Each structure stands twice: as structure tokens, then as C-alpha cells.
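*Asks:*
Residue numbers (this note's numbering): 16 to 193.
1. Spell out a yes or no on whether the region 125-141 and the region 17-30 are touching, meaning 3 or more CB-CB pairs, one atom from each, closer than 8 angstroms.
2. Going by DSSP in three states, residue 76 sits in which element: helix, strand or coil?
3. Just to confirm, are residue 132 and residue 67 a CB contact at a threshold of 8 angstroms?
4. Using a Cβ-Cβ cut-off of 7 angstroms (strictly less than) and excluding sequence neighbours within five positions of residue 121, which residues of its own chain qualify?
5. Roughly how far, in whole angstroms, is the beta-carbon of residue 155 from the beta-carbon of residue 63, given that I think they are within contact range, below 8 angstroms?
6. Terminal residues of the continuous beta strand (DSSP E) containing residue 114?
7. If I'm right that residue 58 touches residue 76 with Cβ under 8 angstroms, what's the distance once you round it to whole angstroms?
8. Which residue's Cα is closest to the Cα of residue 48: 91, 136, 100 and 23?
9. Hey, would you say residue 119 sits closer than 8 angstroms to residue 173, going by beta carbons?
10. Under 7 angstroms Cβ to Cβ from residue 153, same chain only, skipping five residues before and after it: list those, please.
Here it is in C-alpha cells:
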């Protein structure tokens, strides 16, 4: 299983390269990403979050809040084709920035071109939480984190808070192992 990278790991800031291997090695990476996302109880996970600098991410977010069935999707070499001018402010968190969250402004609707898990070309419109998750995960592919959308002082405060949270978690884990 892959290991989740967290801030301040500099590997989170490296821009990913396009996927050019459309075979079993990439499928294994995708399966590992899915396993790690579920193990961490996340809604999405981009390859750079576990140290693989390839342009793909996975997400499992229903189309609506009322829909509870799994909506596992894979996005390989995604391109954001368009974004609505209408913006929405919602609270975001990130597996790679644990213990904190903040309100982030993002487009309400987007159009994305990508390859799916079977390497078939797709182009679709996404709305609401799915659009937000795609934009969040896409940021990881270009070396950005959701905190980069915040004012500098707020970002600094959240990163400090996340570091404290991680220290406390490490101390707690060490105590439990003793």
C-alpha cells in the first residue's frame, strides 16, 4: 500500500507528468490510489499525494447529497475545458493537510476532458461537490493545495495548525504502540 504524503513534504509541490503508460503498471497505481483513498476515508486522491507524479486522480462522490451509492471515478490526464463564472464558497479539507479545513471559492460547474479507468476518452460536465472535488484534485496535479487559494496569513495559520495536529497524532500513535 502507498503512503500518504502530508505538508510540508515538498513532493506535494511538484507538477505531475502526463500518463503515457496505458497498461497494467498504471492500473496497479490506480488501484493503489483507490485503496489508499478508502483507507484514509477520503473522497478523492491525486497521485502526487502518494509520491507518484503522474496526472491522475480518483474520487468517490455521489452526484447529489441524497444519493448514497458509490460513484468511484478515475480521471487520467484530465483537462479542465471550462469553468462557470458562478462561484460557490464551501468548506474544504485535504488528506495531505490533516486536521484543518477552510472555506474556498471555486466554480460551481466545470467541463472536463479525461481518460477513464479503461483509458477511454471522456468529456463531461460536473456540478456541485463533484466539480469541487475535481478542481481540488486537479490542483494537486499542478503542485497546488487548497490552502493556496486562501489569503497568506490564513494559509500560514492553517499550515501551522496542521503541523501541530500531525505532531499530536504522531505522539498519540507512539503512545499507543508502547
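Positions of the beta carbon are idealized from the N, C-alpha and C atoms, including for glycine.
Note that the structure is predicted; figures quoted are calculated from it, not measured.
*Replies:* The relevant details are as follows:
1. no
2. Translated into the one-based positions of the chain shown, residue 76 becomes position 61. If DSSP states are grouped into helix, strand and coil, residue 76 belongs with coil.
3. Translated into positions along the chain shown, residue 132 becomes position 117. Translated into positions along the chain shown, residue 67 becomes position 52. Against a cut-off of 8 angstroms, the Cβ pair of residue 67 and residue 132 comes out as no contact.
4. Here residue 121 refers to the residue found at position 106 of the chain shown. For residue 121, where only same-chain residues beyond five positions count, the Cβ hits under 7 angstroms are 102, 103, 147 and 150.
5. On the chain shown, residue 155 is found 140 positions in, with the first residue counted as 1. On the chain shown, residue 63 is found 48 positions in, with the first residue counted as 1. Correct: roughly 5 angstroms between the Cβ atoms.
6. Residue numbering aside, residue 114 sits at position 99 when the chain shown is read from its first letter. Residues 112-122.
7. Here the question's residue 58 lines up with position 43 in the chain shown. Here the question's residue 76 lines up with position 61 in the chain shown. Between residue 76 and residue 58 the Cβ distance is about 5 angstroms, and since that is below 8 angstroms, they are a contact.
8. For the purposes of this step, residue 48 is taken as the residue at position 33 of the chain shown. Closest by alpha carbon: 91.
9. Here residue 119 corresponds to residue number 104 of the chain shown, with the count starting at 1. Here residue 173 corresponds to residue number 158 of the chain shown, with the count starting at 1. Against a cut-off of 8 angstroms, the Cβ pair of residue 173 and residue 119 comes out as no contact.
10. Locating residue 153 in the chain shown gives position 138, counting from the first residue. Closer than 7 angstroms at Cβ, skipping near neighbours: 93 and 95.
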